[in-house]
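Undergrad: Sharing a structure here in structure tokens format.
Protein chains in written order, with my numbering: chain B, 141 to 495; chain D, 141 to 495.
Here you go:
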């Protein structure tokens, strides 16, 4: 087991941070369980960090661009999914480690390309790679991370997982393509919205769970159950991301408020708000028309008020909670034990977060 | 054999076009051999075109961006390499077809990303994909073509070829990275120049030959010989590309003259010219300073004259011819037959071209 070579740092990494957030909110029971979880999967995540910190790439612009983003952390939720799914089975061995690193690399590849496309300036609380090393380096760095991810999946040697990762990336691109087509169109189209988040977000969570399950030697039924868990977790995660764009704090999210909104992306609260409040359309159009300029005083606050008063933000949290409930329900088909318990807690933490 | 399902169009495709070019130049012997070659590999290339014209992607912006570039043709030299290498062995079957399509997709993926990075406006005689469908669609389209290429290599099922394609793409990115670092630095550094063209261009030709050889069931020695052929062909091809940037005609290359030069890329004629003519440095800097604006009257002509009078352009053609000779020599280890004869002719045609 790789775990044996890592170290346990209860307050570090995703679990430590999540437990910190939850403590602030006074959810002490959950914070306590997450601390327990950190000692359960912490060594596995430390091994993932170790790999991410030592990618085989020289110190050129492309390498710097790739590692700038990677070493700034991130929640590492996708590697955690691989680790916990593997631990439902025979455990987190070398193949699972390769797969855990691979899903994080794919995720970071999409972030690099997204930042180029969206001309993003801030990510994880720091200037984006493209601001530091240029768009060219970021495009190639994203390409390289994809290649490196695929090499690791080949190395893991678990049958079928390379093909399904290629299918997953294909789906993620299809999701981005739909989002691109709809950008700036302020039409509340729930069908398109759910297609986008299934493809661009849920698919990689689903893959992470399936990959971990297969690496852990699980059979078809359990793998399917864990995939369903991953899908619902991913949907819940994206819904909360959507809500944080409109109600979060830059300080904790590391991303400017209203970023999605100003890029003309249709998020769930916006979709519900547009359906319920006829005045919201004009306000958002005003925000879109500003392009790079700061929003006029009060406009952001007016949009937030409209989203709260129409119930759009609470509806988003509610839907996320429903997906968390479905994620938990999917685990009924999975044998009881510490890994399953951890997955139940991760699902809970995915909605109760500020970043 | 796939060939049986294709059709033979002697004047279409790379061979037809090459033979057309050669006829214009009065190289009738070579033109005649190439016409013969067209009936030898034409059906294989037609099968490749058929696949490229029907990629499994819906008509979204990303799909349009990918196919806009693909359907405008191109020389298809890399698929031709796969086909001829396979035909040295057991022939061009389904796996070789998948591989031939894959190398063309990888090549087009790099073109899409390069155009975004270089803000290219013209490619293959038409507006670039990014001009028509935007940078975002081009970035995702490049990603998608890579994924589609890898899926085809998986499908081809020839052991080792997926891993070596990932290594090849990694090398291509490394080549682009070095080029990026050196961009705009007018320093004649032959070491860096040859590293760049080995990685960004020769590596995919080498892979194409190795892939075809393996698909055709060839052993290690013959595969190595064909790889060496691919490498030298790629180097010769890039050198001629470099020369065409400074002496070609937009009409036949489909690319504006001085594109590489104005992007600050170190091409071989420029490298030699900078070493030999102290005045060239100032002229090129003047061109670089213009950025988007047209070159001042006479500057382009002055640069061309300097490159000719210093012997930089002739030196480039000469070096390309040496690599062609080495490519041909590598074929000594390959059994005689129509495929080998065709490869000899392709090497010749790679230097005697205008586009």
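By construction, the Cβ of each residue, glycine as well, lies at the ideal position given by its N, Cα and C atoms. Only a predicted model underlies this, so the values are computations on that prediction, with no experimental measurement involved.
Here's the rule: buried if 16 or more other CB atoms are within 10 angstroms of the residue's CB, otherwise exposed. What is residue 485/D?
TA: Here residue 485/D refers to the residue found at position 345 when the second chain is read from its first residue. Residue 485/D is buried by the Cβ-count criterion.
Undergrad: Going by alpha carbons, who is nearest to residue 372/B out of 470/B, 271/B, 412/B?
TA: By 1-based counting over the first chain, the position of residue 372/B is 232. Out of 470/B, 271/B, 412/B, 470/B has the C-alpha closest to the C-alpha of residue 372/B.
Undergrad: What does the Cβ neighbour count give for residue 376/B, buried or exposed, with the cut at 16 atoms within 10 Å?
TA: Position 236 of the first chain, counting from 1, holds the residue named residue 376/B. By the 10 Å Cβ count, residue 376/B comes out buried.
Undergrad: For residue 488/B, decide whether its Cβ has a neighbour in chain D, counting only Cβ atoms nearer than 8 Å.
TA: For the purposes of this step, residue 488/B is taken as the residue at position 348 of the first chain. It does not; no Cβ of chain D falls within 8 Å.
Undergrad: For residue 367/B versus residue 346/B, is the C-beta spacing smaller than 8 Å?
TA: The residue labelled residue 367/B in the question sits at position 227 within the first chain. The residue labelled residue 346/B in the question sits at position 206 within the first chain. Yes, Cβ-Cβ distance for residue 367/B and residue 346/B is below 8 Å.
Undergrad: DSSP has residue 262/B in a bridge; who is on the other side?
TA: Within the first chain, numbered from 1, the residue matching residue 262/B stands at position 122. The partner list for residue 262/B (beta bridge, DSSP) reads 267/B.
Undergrad: Could you check whether the Cβ of residue 456/B sits closer than 8 Å to any Cβ belonging to chain D?
TA: In the first chain, residue 456/B corresponds to position 316, counting from 1. No, its Cβ sits nowhere closer than 8 Å to a Cβ of chain D.
Undergrad: Looking at the C-beta of residue 276/B, does it have a partner C-beta in chain D at a distance below 8 Å?
TA: Here residue 276/B refers to the residue found at position 136 of the first chain. Chain D, which has a Cβ nearer than 8 Å to the Cβ of residue 276/B, makes this yes.
Undergrad: Let me see if you follow: with CB-CB separation under 8 Å, is residue 402/D close to chain B or not?
TA: For the purposes of this step, residue 402/D is identified with residue 262 of the second chain, where counting begins at 1. No - not a single Cβ of chain B is within 8 Å of the one on residue 402/D.
Undergrad: Measuring alpha carbon to alpha carbon, tell me which of 299/D, 205/D, 185/D, 407/D ends up nearest residue 324/D.
TA: Counting from 1 along the second chain, the entry for residue 324/D is found at position 184. Residue 324/D has its Cα closest to that of 407/D, out of 299/D, 205/D, 185/D, 407/D.
Undergrad: Can you confirm whether residue 285/B, when its beta carbon is compared against all beta carbons of chain D, has any partner nearer than 8 Å?
TA: Working through the first chain from its first residue, we reach residue 285/B at position 145. Judged by the 8 Å Cβ criterion, residue 285/B is not in contact with chain D.
Undergrad: Can you pull the chain B neighbours of residue 200/D, defined as C-beta to C-beta under 9 Å?
TA: Here residue 200/D corresponds to residue number 60 of the second chain, with the count starting at 1. Those within 9 Å of residue 200/D in chain B are 314, 317, 318, 320, 321.
Undergrad: Please report the Cβ distance between residue 409/D and residue 435/D, rounded to the nearest whole angstrom; I am assuming they are in contact, meaning their Cβ atoms lie under 8 Å.
TA: Along the second chain, read from residue 1 onward, the residue named residue 409/D stands at position 269. Along the second chain, read from residue 1 onward, the residue named residue 435/D stands at position 295. Not quite, the Cβ-Cβ distance comes to about 17 Å (not below 8 Å), so this is no contact.
Undergrad: Under 7 Å Cβ to Cβ from residue 168/D, same chain only, skipping five residues before and after it: list those, please.
TA: Numbered from 1 along the second chain, position 28 holds the residue referred to as residue 168/D. Reliability of the predicted coordinates at residue 168/D is poor, the pLDDT of 41 falling under 50, and the value obtained from them is presented with this limitation in mind. Excluding positions up to five away in sequence, the list is empty.
Undergrad: Output yes if chain D places a C-beta closer than 8 Å to the C-beta of residue 443/B; else output no.
TA: Within the first chain, residue 443/B is the residue found at index 303, counting from 1. No - not a single Cβ of chain D is within 8 Å of the one on residue 443/B.
Undergrad: Among 277/B, 212/B, 306/B, 291/B, which residue has its Cα nearest to the Cα of residue 262/B?
TA: Counting from 1 along the first chain, the entry for residue 262/B is found at position 122. Taking only the C-alpha atoms, the option nearest residue 262/B is 212/B.
Undergrad: Just the chain D side, please: which residues come within less than 8 Å of residue 369/B by C-beta, in chain order?
TA: For this step, residue 369/B is matched to residue 229 along the first chain. Within chain D, no residue comes near residue 369/B; the closest Cβ sits about 25 Å away, beyond 8 Å.
Undergrad: Quick one: grab the DSSP three-state call for residue 278/B.
TA: The residue labelled residue 278/B in the question sits at position 138 within the first chain. Helix, per DSSP.
Undergrad: Exposed or buried, which one is residue 197/B when buried takes at least 16 other CB atoms within 10 Å?
TA: Mapped onto the first chain, residue 197/B falls at position 57. Classification for residue 197/B: buried.
Undergrad: Within a Cβ cutoff of 6 Å, which residues of the same chain sit near residue 152/B, ignoring the five residues on either side of it in sequence?
TA: Counting from one through the first chain, the residue named residue 152/B turns up at place 12. For residue 152/B, the predicted structure reports a pLDDT of 48, less than 50, and the residue's modelled location is therefore unreliable. The matter cannot be settled from this model.
Undergrad: What separation, rounded to the nearest whole angstrom, lies between the Cα atoms of residue 327/D and residue 401/D?
TA: Here the question's residue 327/D lines up with position 187 in the second chain. Here the question's residue 401/D lines up with position 261 in the second chain. The alpha-carbon atoms of residue 327/D and residue 401/D are separated by roughly 13 Å.
Undergrad: Counting Cβ pairs, one atom from each stretch, are 3 or more of them under 8 Å apart for the segment 471-478 of chain B and the segment 454-462 of chain B?
TA: As far as the Cβ criterion goes, the segment 471-478 of chain B does not touch the segment 454-462 of chain B, which means the pair count is below three.
Undergrad: Using a 10 Å radius around the Cβ and a threshold of 16 neighbouring Cβ atoms, would you call residue 219/D buried or exposed?
TA: Numbered from its first residue, the second chain carries residue 219/D at position 79. Counting Cβ neighbours within 10 Å, residue 219/D comes out buried, since at least 16 surround it.
Undergrad: Residue 487/D and residue 460/D look like a contact to me (Cβ under 8 Å); what is the Cβ gap, rounded to whole Å?
TA: The residue labelled residue 487/D in the question sits at position 347 within the second chain. The residue labelled residue 460/D in the question sits at position 320 within the second chain. Actually they do not touch by this definition, with Cβ atoms about 10 Å apart.
Undergrad: Please list the partners that residue 253/B has in chain D, where partner means a Cβ-to-Cβ separation under 8 Å.
TA: Position 113 of the first chain, counting from 1, holds the residue named residue 253/B. Those are 279, 280, 283, listed as they occur along chain D.
Undergrad: Going by DSSP, what residue range makes up the alpha helix (DSSP H) through residue 233/D?
TA: Residue numbering aside, residue 233/D sits at position 93 when the second chain is read from its first letter. First-last for residue 233/D: undefined, no H or E at that position.
Undergrad: Less than 8 Å between the C-beta atoms of residue 363/D and residue 350/D, yes or no?
TA: In the second chain, residue 363/D corresponds to position 223, counting from 1. In the second chain, residue 350/D corresponds to position 210, counting from 1. Closer than 8 Å, so yes.
Undergrad: So, does the CB of residue 294/D fall closer than 8 Å to a CB anywhere in chain B?
TA: Translated into positions along the second chain, residue 294/D becomes position 154. Chain B, which has a Cβ nearer than 8 Å to the Cβ of residue 294/D, makes this yes.
Undergrad: Taking only beta-carbon atoms, is residue 291/B less than 8 Å away from chain D?
TA: Taking the first residue of the first chain as 1, we reach residue 291/B at position 151. Judged by the 8 Å Cβ criterion, residue 291/B is in contact with chain D.
Undergrad: Can you give the Cα-Cα distance for residue 382/D and residue 444/D, rounded to whole angstroms?
TA: Locating residue 382/D in the second chain gives position 242, counting from the first residue. Locating residue 444/D in the second chain gives position 304, counting from the first residue. Distance between the alpha carbons of residue 382/D and residue 444/D: 13 Å.
Undergrad: When the cut-off is 8 Å and only beta carbons count, does residue 336/B lie next to chain D?
TA: Taking the first chain and counting its residues from 1, the one referred to as residue 336/B is at position 196. Not one chain D Cβ lies under 8 Å of residue 336/B.
Undergrad: I believe residue 344/B touches residue 247/B by the beta-carbon criterion, under 8 Å. Please report the beta-carbon distance rounded to the nearest angstrom.
TA: Counted from its first residue, the first chain places residue 344/B at position 204. Counted from its first residue, the first chain places residue 247/B at position 107. About 6 Å; that satisfies the 8 Å criterion.
Undergrad: Under a Cβ-count criterion, where at least 16 other Cβ atoms within 10 Å of its own Cβ denotes burial, should residue 255/D be classed as buried or exposed?
TA: On the second chain, position 115 is the one that residue 255/D refers to. Buried: at least 16 other Cβ atoms inside 10 Å.
Undergrad: Name the chain D residues whose beta carbon is nearer than 9 Å to that of residue 256/B?
TA: Stepping through the first chain from its first residue, residue 256/B is reached at position 116. Per Cβ cutoff of 9 Å: 256, 275, 276, 279.
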